[in-house]
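So the sequence shown is numbered by our numbering: it starts at 8 and just counts up by one.
Ideal Cβ positions, reconstructed from N, Cα and C, are used throughout, including at glycine.
Note that the coordinates shown come from a computational prediction; the quantities given were computed from them, not determined experimentally.
See below for the structure under consideration.
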Amino acid sequence: MKSVLTVALLSWNQSLSIAFMQDISRVGVNDYICQHGNSPLFAEGFGSAATKDRTKRELSATLELSSIECLSVADAKKQLIDLIPRMTGKDDEYRAVEAYVNLLEDKYSPVQTIDFLNLAMSGDWQLLFSTNLIGSSSRKLRLRELLQRIESTGFSGSLTNVAQWDLAEDGETFDAKGTFCVKCSYKINQGARMIVDLTDHELRPARGSKIPDDVPGLVGLLHRALPKEMFDPNGHAMDTTYLDENLRIVRFTGATHEGVRNIFMRQGNMVINPVGPV
8 MKSVLTVALL
18 SWNQSLSIAF
28 MQDISRVGVN
38 DYICQHGNSP
48 LFAEGFGSAA
58 TKDRTKRELS
68 ATLELSSIEC
78 LSVADAKKQL
88 IDLIPRMTGK
98 DDEYRAVEAY
108 VNLLEDKYSP
118 VQTIDFLNLA
128 MSGDWQLLFS
138 TNLIGSSSRK
148 LRLRELLQRI
158 ESTGFSGSLT
168 NVAQWDLAED
178 GETFDAKGTF
188 CVKCSYKINQ
198 GARMIVDLTD
208 HELRPARGSK
218 IPDDVPGLVG
228 LLHRALPKEM
238 FDPNGHAMDT
248 TYLDENLRIV
258 RFTGATHEGV
268 RNIFMRQGNM
278 VINPVGPV
């Protein structure tokens with residue numbers, strides 16, 4: 008087993024009330040939104056009621072995503088960060104995250120020197136979101152914090168993923184706690200692409216914690232709770248597709264998890280409170 012750590016908190020509830028505007032077909036959705044914003048529209052003349060409702064929903068989603076395309080980098084970043092902690096798992100929310108990420112990546116100017124890249128990405132980063140959150144849940148396990156620690160030296164360095172966990176083996180009392188670390192080394196071979204190699208997994212109980220009776224079972228719970236590309240990074244590379252002083256987006260490249268995105272916030276810039284079992 009190999010890995011990198013991750014968490015993603017879920018996001019956002021936003022509705023857009025829209026209808027049909029007579030001249031929008033001439034101007035085009037994107038042009039209209041960029042010029043006028045999300046003005047109310049009316050839905051006359053769409054045919055059957057079912058067609059009206061479906062068309063309104065589709066047009067609403069199109070207008071919502073088109074409005075994102077018109078944002079500045081600063082506004083897209085702010086709205087993305089506001090959205091993620093309030094997500095509820097709706098498809099529209101994930102499409103909005105994708106649109107924000109695409110905009111930030113499209114407008115990003117990569118760091119030109121390795122020294123500046125290392126300065127910008129070194130430190131501790133909390134994982135906010137993964138596009139590959141498919142882990143199963145258990146009421147016995149609670150993750151309190153997930154972060155990625157990067158220490159760089161020239162074109163190589165170390166990458167450690169740290170999960171703080173609480174365990175209730177009886178299903179009721181969280182009396183065992185500690186950290187789970189995935190220790191990796193990396194090399195940069197082109198641009199900002201990090202080739203990651205797993206060096207060790209480390210499970211460490213906290214001082215004064217009860218020692219779990221079933222340690223392999225705990226590791227299994229952690230494995231199922233984390234996105235698979237984060238638990239096993241071997242055979243993958245990470246491209247830094249957006250990076251500033253407090254936000255970092257990486258894209259995985261590899262046979263199994265090609266295209267998966269992880270969104271990180273520099274530790275200390277956002278407080279994330281766990282909400283029950285993971």
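In this structure, L134 lies near F271, with their beta-carbon atoms less than 7 angstroms apart. In the three-state DSSP reduction, M128 falls in the helix class (H, G or I).
Rounded to whole angstroms, the gap between the alpha carbons of T167 and S79 is 33 angstroms. N109 sits in a helix when the DSSP states are folded into three classes. L90: member of the alpha helix (DSSP H) spanning 80-90, first to last residue. Contact check for L254 against K84 passes: the beta carbons are separated by less than 7 angstroms. In this structure the stretch 216-233 does not touch the stretch 192-201; the number of beta carbon pairs closer than 8 angstroms is below three. Taken in chain order, the whole beta strand (DSSP E) runs of length 3 or more contained in the stretch 207-236 number zero. Residue state for S145 is assigned as coil, using DSSP reduced to three classes. Within the DSSP secondary-structure output, L166 pairs in a beta bridge with I157, C191. Sequence-distant Cβ neighbours of K184 in its own chain, meaning closer than 6 angstroms and more than five residues away, are D173, A213, S216. Around the C-beta of F123, fewer than 16 other C-beta atoms lie within 10 Å, and the residue is accordingly described as exposed.
The beta carbon of E152 sits closer than 6 angstroms to those of Q171, all from its chain and outside the five residues before and after it, given in chain order.
In the three-state reduction of the DSSP assignment, F238 falls in the helix class, which pools H, G and I. Looking at the backbone, the Cα of R102 and that of N109 are separated by about 10 angstroms.
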